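Our numbering applies: residue 6 is where the sequence shown begins, and numbers increase by one. Below you'll find the structure, written out as C-alpha coordinates, and then a few comments.
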Amino acid sequence: MSSETFVSAMLLITGVVAAAILIVAVLPVIWGMVGTFSSASAATDRSMRTDYKIVTTYAKWSSGGATVTVWMKNIGTARIGTNELNLGGDVYVGKSTDFARAQYNKNPVPRTSNPVYWNYTLYDLGTGTANVWDPGETLQVDTFTNTVTLAGQLVYFQFTVPSGVSRSAEFTAV
(Lines of atoms letter the chains of each structure in order from A and count residues from 1; the text may use other names and numbers.)
(Lines give C-alpha, C1' and ligand atoms only; values in the text may rest on other atoms or scores of the structure.)
Protein backbone atom coordinates (compact mmCIF):
# COMPACT_ATOMS: atom_id res chain seq x y z
CA MET A 1 0.00 0.00 0.00
CA SER A 2 2.76 2.42 0.89
CA SER A 3 4.61 1.54 -2.31
CA GLU A 4 1.59 2.64 -4.36
CA THR A 5 1.51 5.96 -2.50
CA PHE A 6 5.24 6.43 -3.08
CA VAL A 7 4.90 5.66 -6.83
CA SER A 8 1.92 8.01 -7.13
CA ALA A 9 3.83 10.79 -5.37
CA MET A 10 6.87 10.30 -7.65
CA LEU A 11 4.68 10.37 -10.76
CA LEU A 12 2.95 13.52 -9.53
CA ILE A 13 6.29 15.25 -8.82
CA THR A 14 7.66 14.14 -12.22
CA GLY A 15 4.55 15.49 -13.95
CA VAL A 16 4.79 18.86 -12.20
CA VAL A 17 8.52 19.18 -13.01
CA ALA A 18 7.90 18.21 -16.65
CA ALA A 19 5.08 20.76 -16.94
CA ALA A 20 7.29 23.47 -15.44
CA ILE A 21 10.14 22.67 -17.86
CA LEU A 22 7.71 22.72 -20.77
CA ILE A 23 6.27 26.08 -19.71
CA VAL A 24 9.71 27.62 -19.22
CA ALA A 25 10.89 26.35 -22.62
CA VAL A 26 7.76 27.00 -24.69
CA LEU A 27 6.34 30.28 -23.36
CA PRO A 28 9.27 32.51 -24.47
CA VAL A 29 8.99 31.08 -27.97
CA ILE A 30 5.25 31.73 -28.04
CA TRP A 31 5.69 35.31 -26.78
CA GLY A 32 8.42 35.88 -29.38
CA MET A 33 6.13 34.66 -32.14
CA VAL A 34 3.29 36.87 -30.89
CA GLY A 35 5.61 39.91 -31.09
CA THR A 36 6.74 38.97 -34.59
CA PHE A 37 3.18 38.44 -35.82
CA SER A 38 2.08 41.69 -34.21
CA SER A 39 4.89 43.67 -35.91
CA ALA A 40 4.22 42.04 -39.27
CA SER A 41 0.50 42.73 -38.92
CA ALA A 42 1.08 46.39 -38.09
CA ALA A 43 3.45 46.83 -41.06
CA THR A 44 0.97 45.14 -43.40
CA ASP A 45 -1.87 47.28 -42.08
CA ARG A 46 0.15 50.48 -42.65
CA SER A 47 1.08 49.37 -46.16
CA MET A 48 -2.53 48.50 -47.00
CA ARG A 49 -3.81 51.86 -45.75
CA THR A 50 -1.17 53.75 -47.77
CA ASP A 51 -2.38 54.37 -51.28
CA TYR A 52 -1.92 57.19 -53.73
CA LYS A 53 -2.58 57.76 -57.40
CA ILE A 54 -0.59 59.57 -60.06
CA VAL A 55 -3.06 62.14 -61.36
CA THR A 56 -1.10 63.79 -64.17
CA THR A 57 2.45 64.21 -65.45
CA TYR A 58 4.49 66.73 -67.36
CA ALA A 59 8.07 66.70 -68.64
CA LYS A 60 9.86 69.48 -70.46
CA TRP A 61 13.40 69.68 -71.81
CA SER A 62 15.29 72.95 -72.01
CA SER A 63 18.95 73.84 -72.55
CA GLY A 64 19.62 73.58 -68.78
CA GLY A 65 18.12 70.13 -68.39
CA ALA A 66 14.81 68.38 -67.93
CA THR A 67 12.03 69.19 -65.52
CA VAL A 68 9.63 66.38 -64.72
CA THR A 69 6.55 67.32 -62.70
CA VAL A 70 4.10 64.76 -61.35
CA TRP A 71 0.97 65.39 -59.30
CA MET A 72 -0.24 62.64 -56.97
CA LYS A 73 -3.37 62.33 -54.84
CA ASN A 74 -3.41 60.52 -51.48
CA ILE A 75 -6.37 58.13 -51.88
CA GLY A 76 -5.55 55.91 -48.90
CA THR A 77 -6.48 56.31 -45.27
CA ALA A 78 -2.92 56.73 -43.97
CA ARG A 79 -1.34 60.11 -43.34
CA ILE A 80 2.24 60.51 -44.57
CA GLY A 81 4.42 63.04 -42.77
CA THR A 82 6.75 65.35 -44.67
CA ASN A 83 9.66 64.06 -42.56
CA GLU A 84 8.92 60.58 -43.93
CA LEU A 85 8.96 61.96 -47.47
CA ASN A 86 12.19 63.91 -46.88
CA LEU A 87 14.09 60.99 -45.38
CA GLY A 88 12.48 57.93 -46.95
CA GLY A 89 10.82 58.92 -50.20
CA ASP A 90 12.47 57.57 -53.35
CA VAL A 91 12.15 59.03 -56.85
CA TYR A 92 13.44 57.33 -59.99
CA VAL A 93 13.36 59.32 -63.21
CA GLY A 94 14.85 59.41 -66.70
CA LYS A 95 14.45 57.77 -70.07
CA SER A 96 12.57 54.52 -69.83
CA THR A 97 15.81 52.77 -70.82
CA ASP A 98 18.15 54.93 -68.71
CA PHE A 99 16.83 56.26 -65.40
CA ALA A 100 18.43 57.09 -62.07
CA ARG A 101 17.51 57.56 -58.43
CA ALA A 102 17.09 61.24 -57.63
CA GLN A 103 18.30 62.74 -54.36
CA TYR A 104 15.91 64.81 -52.27
CA ASN A 105 16.82 68.52 -52.34
CA LYS A 106 14.50 70.99 -50.67
CA ASN A 107 16.27 73.85 -52.47
CA PRO A 108 15.05 73.83 -56.10
CA VAL A 109 18.18 75.54 -57.47
CA PRO A 110 20.15 73.17 -59.75
CA ARG A 111 23.29 71.78 -58.17
CA THR A 112 26.15 70.54 -60.31
CA SER A 113 27.31 68.09 -57.60
CA ASN A 114 24.02 66.23 -57.85
CA PRO A 115 22.70 66.27 -61.41
CA VAL A 116 19.43 64.43 -60.60
CA TYR A 117 17.34 65.66 -57.67
CA TRP A 118 13.76 66.23 -56.58
CA ASN A 119 11.63 68.31 -54.27
CA TYR A 120 7.93 68.59 -53.63
CA THR A 121 5.07 70.92 -52.85
CA LEU A 122 2.22 69.77 -50.63
CA TYR A 123 -1.16 71.29 -51.46
CA ASP A 124 -2.82 71.23 -48.04
CA LEU A 125 -6.61 71.37 -48.03
CA GLY A 126 -6.52 73.25 -44.75
CA THR A 127 -8.54 70.57 -42.98
CA GLY A 128 -5.68 68.40 -41.81
CA THR A 129 -2.42 68.77 -40.01
CA ALA A 130 0.35 70.93 -41.46
CA ASN A 131 3.39 69.04 -42.79
CA VAL A 132 1.33 65.90 -43.35
CA TRP A 133 0.11 64.48 -46.66
CA ASP A 134 -3.44 63.77 -45.55
CA PRO A 135 -5.97 61.67 -47.50
CA GLY A 136 -7.46 63.74 -50.32
CA GLU A 137 -4.50 66.11 -50.59
CA THR A 138 -2.25 66.56 -53.61
CA LEU A 139 1.53 66.25 -53.68
CA GLN A 140 3.46 67.83 -56.55
CA VAL A 141 6.86 66.23 -57.14
CA ASP A 142 9.34 68.21 -59.25
CA THR A 143 12.36 66.35 -60.55
CA PHE A 144 15.33 67.99 -62.27
CA THR A 145 18.00 66.31 -64.33
CA ASN A 146 20.75 67.56 -66.59
CA THR A 147 22.20 64.13 -67.36
CA VAL A 148 19.95 63.04 -70.24
CA THR A 149 18.06 64.68 -73.08
CA LEU A 150 14.37 63.93 -72.67
CA ALA A 151 12.84 65.92 -75.56
CA GLY A 152 10.45 63.61 -77.39
CA GLN A 153 11.61 60.65 -75.29
CA LEU A 154 9.57 58.23 -73.25
CA VAL A 155 10.08 59.28 -69.60
CA TYR A 156 9.95 56.84 -66.69
CA PHE A 157 8.92 58.11 -63.25
CA GLN A 158 8.53 56.10 -60.05
CA PHE A 159 7.73 57.38 -56.56
CA THR A 160 8.07 55.18 -53.47
CA VAL A 161 6.94 56.12 -49.97
CA PRO A 162 8.78 54.79 -46.89
CA SER A 163 6.23 52.01 -46.31
CA GLY A 164 7.30 50.51 -49.66
CA VAL A 165 4.22 51.41 -51.68
CA SER A 166 5.23 52.70 -55.10
CA ARG A 167 3.57 54.00 -58.23
CA SER A 168 5.13 54.55 -61.62
CA ALA A 169 4.23 56.14 -64.93
CA GLU A 170 5.67 56.39 -68.42
CA PHE A 171 4.92 59.39 -70.59
CA THR A 172 6.44 61.40 -73.43
CA ALA A 173 8.38 64.58 -72.72
CA VAL A 174 7.63 67.77 -74.63
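Built from N, CA and C at the ideal position, the CB exists for glycine as well. Please read these numbers as outputs of a predicted model, since none were measured by experiment.
Secondary structure of residue 178 (DSSP, three-state): coil. Straight through space, the alpha carbons of residue 12 and residue 18 are spaced by roughly 10 angstroms.
For residue 126, DSSP records a beta bridge to 145.
In the three-state scheme derived from DSSP, where H, G and I count as helix and E and B as strand, residue 74 is classed as strand.
Between residue 35 and residue 57, the C-beta spacing is not below 8 angstroms. C-alpha of residue 99 to C-alpha of residue 30: approximately 55 angstroms in a straight line. The Cβ atoms of residue 103 and residue 165 do not sit closer than 8 angstroms to each other.
178 is the residue among 23, 178, 87 and 136 whose C-alpha sits nearest the C-alpha of residue 101. Here residue 145 is not near residue 41, since their CB atoms are 8 angstroms or more apart. In the same chain as residue 167, and ignoring 5 residues on each side of it, the C-beta atoms closer than 6 angstroms to its own belong to 89 and 93, in chain order. As computed with DSSP, residue 65 is found in a beta bridge with 72.
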